[in-house]
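*Asks:* The numbering of the sequence shown is the working numbering, which starts it at 1 and goes up by one.
What follows is a single structure, and I will ask about it in a moment.
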Amino acid sequence: MLVAFLPFAGINEPEGFWQYNKSLFLRILTSVLYTGVLAIGLCIALLAVDQLFEIEVKGEYYAKIIFTMMGIFNTWFFLSGVPKQLEQLQMETTYPKGLKVFTQFVLLPLITLYMVILYVYMGKIMITGVWPEGWVSWLVMCFAVAGILALLLIWPIRNDEGNKWIGFYSKSFYFAIFPLVILLFASIRLRINEYGFTEPRYYVLLLACWLAGIATYFLISKSKSVKVIPFSLFVLAILSVHGPWSAFSISKKSQLNRFETLLDKNGLLENGMAVKATDTIPKTDNVQICETIDYINEYHGYKEFQPYFVQSLDSVMKPDTVGAFVSEDDRMIKLIGLEWMNTYMLNNDSEKYFYGNLHDNAVIPVAGYDAFRNVDFYIYDTDVKEQVRDFSFGEDSVKLVYITKSQQITITHLNDSVYISMVDFVNRMESKRSANSTYPVTDMTLKASLPDVRIKLVVKSISGKQIKRQLKINAMNADVFVKFEKTSVQ
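Now the structure itself:
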């Protein structure tokens with residue numbers, strides 16, 4: 001934004017200002033085109049060398065090509081086309097005919113169509129009384145920004161003979177923005193009142209204020225200087241990233257206040273400090289507490305919660321013993337005695353999907369076992385009654401059978417069998433549900449014994465769904481460890 005208006009600061013040359021920004025705009029488009037073609041071409045050439053000459057080319061070289069093209073070539077190419085003789089731009093009278101055709105016959109009709117759709121939708125809201133979801137905010141903003149851009153593109157020819165319609169369209173557009181900006185304010189206000197400020201909501205509200213200000217300026221101002229657009233955006237951008245009014249600061253404060261309010265509402269706050277829940281709380285509040293914790297941890301860090309806890313959060317967040325991974329979100333939830341829940345789980349109470357994965361850095365103990373195999377079961381097809389996995393270990397063998405109907409694994413050695421209920425396993429796993437669905441080795445281990453064999457299954461991943469409390473396992477991967485008590489593996 002600074003580049004767009006700084007060369008013309010204090011200079012009243014509106015035509016030169018427009019020509020300068022037109023050159024920047026077109027230079028950006030050509031830079032992207034040239035850079036994209038070069039980057040793709042060089043990557044294909046590198047791939048050809050790799051495939052034709054059997055020379056191994058590491059993936060990092062492709063990344064280096066893209067970085068070089070985007071970071072160096074693109075910058076040089078763009079800067080080489082920036083106008084140097086700025087004083088001559090005011091005398092420039094040429095206007096690309098193609099730009100007028102594109103704006104007048106493509107861009108403006110599309111903007112008008114979107115405006116009609118938004119007004120019809122606004123009428124639906126007035127009739128039904130059902131306020132819009134969050135996505136409509138972005139649609140209104142895209143419509144408004146695209147409309148302003150279109151008017152900027154045809155700004156130099158607004159007073160030309162035959163183009164008097166531009167002035168009428170411009171005034172009509174800015175009048176039409178106001179009801180949509182009110183819709184935008186109402187939509188984002190509902191979200192903020194219910195869920196508090198976040199960075200995206202902050203910028204939606206800021207842009208709504210900017211749109212209202214710009215529309216007012218172009219309706220009442222006599223000069224109607226287009227320099228106001230980049231200058232005002234630059235000022236707002238600077239203000240939004242610095243100081244206590246920045247998006248970062250306001251969002252953090254809002255979410256921490258929301259966290260405190262939710263705790264206090266559910267009796268989880270005493271003398272300003274969080275306490276462990278002794279009873280269940282409403283699921284909606286549980287979800288909101290979990291989502292607030294997730295947001296703060298991701299964007300601001302868990303240390304922001306320290307004022308609410310007596311315990312040192314640094315010690316609480318220290319990694320556990322090898323293989324016992326628990327996320328920061330899970331540790332925070334457990335500190336206040338709640339169960340992890342999210343919006344999807346709340347809205348799909350009759351049908352829930354479950355996932356369980358062994359933590360990536362988990363170390364699996366193998367001492368005391370003779371042999372190891374990895375096994376997969378895919379149970380999406382309910383017509384398949386069972387899946388059999390036979391493993392030979394020297395002269396011995398072990399058979400694993402997954403029975404679809406009962407969702408059990410039968411382990412057979414010689415004439416002896418034992419059953420493992422995977423439904424019970426999933427129920428235990430879900431009772432310890434983590435925010436990122438990863439679990440330590442101890443929670444993912446199943447053991448069984450036969451007269452001559454000991455078996456250990458370490459489940460590395462398992463997934464499925466629960467429909468009205470009926471579990472349906474879809475897929476599972478596990479490591480199988482075997483210990484032969486009387487015979488040895490050859």
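Note that the Cβ used here is the ideal one computed from N, Cα and C, for glycine as well.
This structure is a prediction, so every number in the text was calculated from the model and none was measured.
(1) Taking Tyr402 as the reference, which of Met332, Glu395, Leu149, Asp390 has the closest Cα?
(2) Could you check whether Leu108 and Ala150 sit closer than 7 Å to each other, using their CB atoms as the reference points?
(3) Restricting to runs no shorter than 4 residues, where is the alpha helix (DSSP H) found entirely within the region 195-227?
(4) Hey, could you find the ends of the beta strand (DSSP E) Leu457 is sitting in?
(5) If contacts are defined as beta-carbon pairs under 8 Å, then Pro156 and Glu56 qualify, I think. What distance do you get, rounded to the angstrom?
(6) DSSP state of Ser392, grouped into three classes?
(7) Determine the extent of the beta strand (DSSP E) in which Lys483 is found, giving its start and end residues.
(8) Name, in chain order, the residues that DSSP records as bridge partners for Leu358.
(9) Can you have a look at Ile127 and say buried or exposed, based on whether 16 or more other CB atoms are within 10 angstroms of its CB?
(10) Buried or exposed: Phe173, going by 16 or more other Cβ atoms within 10 Å of its Cβ?
(11) Compare the beta carbon distance of Phe5 and Phe231 with 7 Å and say whether it is the shorter of the two.
(12) Less than 7 Å between the C-beta atoms of Arg331 and Val480, yes or no?
(13) With C-beta atoms as the reference, is Ser251 less than 7 Å away from Glu199?
(14) Thinking C-alpha only, which one of Glu430, Phe484, Thr445, Asp452 is nearest Leu471?
(15) Which partner residues does Glu304 have in the DSSP bridge list?
(16) Rounding to the nearest angstrom, what Cα-Cα distance links Asn257 and Tyr355 in this structure?
(17) In the DSSP assignment, the beta strand (DSSP E) including Asn374 goes from what residue to what residue?
(18) Give every residue of the same chain whose Cβ lies closer than 7 Å to the Cβ of Leu153, excluding the five residues on either side of it in the sequence, and list them in chain order.
(19) Excluding five sequence neighbours on each side, which residues of the same chain lie with their C-beta closer than 7 Å to the C-beta of Thr321?
(20) Using 8 Å as the threshold, is the region 331-342 in touch with the region 277-292, meaning 3 or more CB pairs across them?
(21) Can you find the residues in the same chain that come closer than 6 Å, C-beta to C-beta, to Thr410, ignoring five residues on each side of it along the sequence?
(22) How long is the line joining the alpha carbons of Leu335 and Lys276, rounded to whole angstroms?
(23) Using 7 Å as the threshold, is the C-beta distance between Arg27 and Gly81 below it?
(24) Could you give the uninterrupted runs of the alpha helix (DSSP H) lying entirely in the region 49-87, keeping only those of 4 residues or more?
(25) So, do the region 173-182 and the region 209-217 have three or more beta carbon pairs nearer to each other than 8 Å?
(26) To which residues of the same chain is Ile111 closer than 7 Å at the C-beta, ignoring the five residues directly before and after it?
(27) Can you give me the C-alpha to C-alpha distance between Met141 and Val228, rounded to a whole angstrom?
(28) Excluding five sequence neighbours on each side, which residues of the same chain lie with their C-beta closer than 7 Å to the C-beta of Ala176?
(29) Compute the distance between the beta-carbons of Phe514 and Val441, then report whether it is under 7 Å.
(30) State buried or exposed for Ala45, treating a residue as buried only when at least 16 other CB atoms are found within 10 Å of its CB.
(31) Whole angstroms is fine: what's the gap from Lys465's alpha carbon to Ser397's?
(32) Since Ser31 and Phe78 should fall inside the 8 Å C-beta cutoff, what is the C-beta to C-beta distance between them, to a whole number of angstroms?
(33) Do the CB positions of Cys43 and Tyr62 come within less than 7 Å of each other?
(34) Measuring CB to CB, does Tyr378 end up less than 7 Å from Ala475?
(35) Run the CB neighbour count on Leu207, radius 10 Å, all protein chains shown included, and call it buried at 16 or more, exposed below.
*Replies:* Short version:
(1) Asp390
(2) yes
(3) 199-220
(4) 453-467
(5) No, Pro156 and Glu56 are not in contact; Cβ-Cβ is about 55 Å, not under 8 Å.
(6) strand
(7) 470-484
(8) Tyr439
(9) exposed
(10) buried
(11) yes
(12) no
(13) yes
(14) Glu430
(15) DSSP, once it has assigned bridges, lists no residue as partnering Glu304.
(16) 32 Å
(17) 371-378
(18) Leu99, Thr103
(19) Because Thr321 sits at a pLDDT of 42, beneath the cut-off of 50, its placement in the model cannot be relied upon, and the following sentence gives the value as read from the coordinates. Taken in chain order, the list of residues that qualify is empty.
(20) yes
(21) Val401, Ser417, Tyr419
(22) 6 Å
(23) yes
(24) 59-68, 74-80
(25) yes
(26) Phe143, Ala146, Gly147, Ala150
(27) 18 Å
(28) Met115
(29) Shown here, the chain extends from 1 to 490; a query on residue 514 therefore has no answer.
(30) exposed
(31) 33 Å
(32) 4 Å
(33) yes
(34) yes
(35) buried
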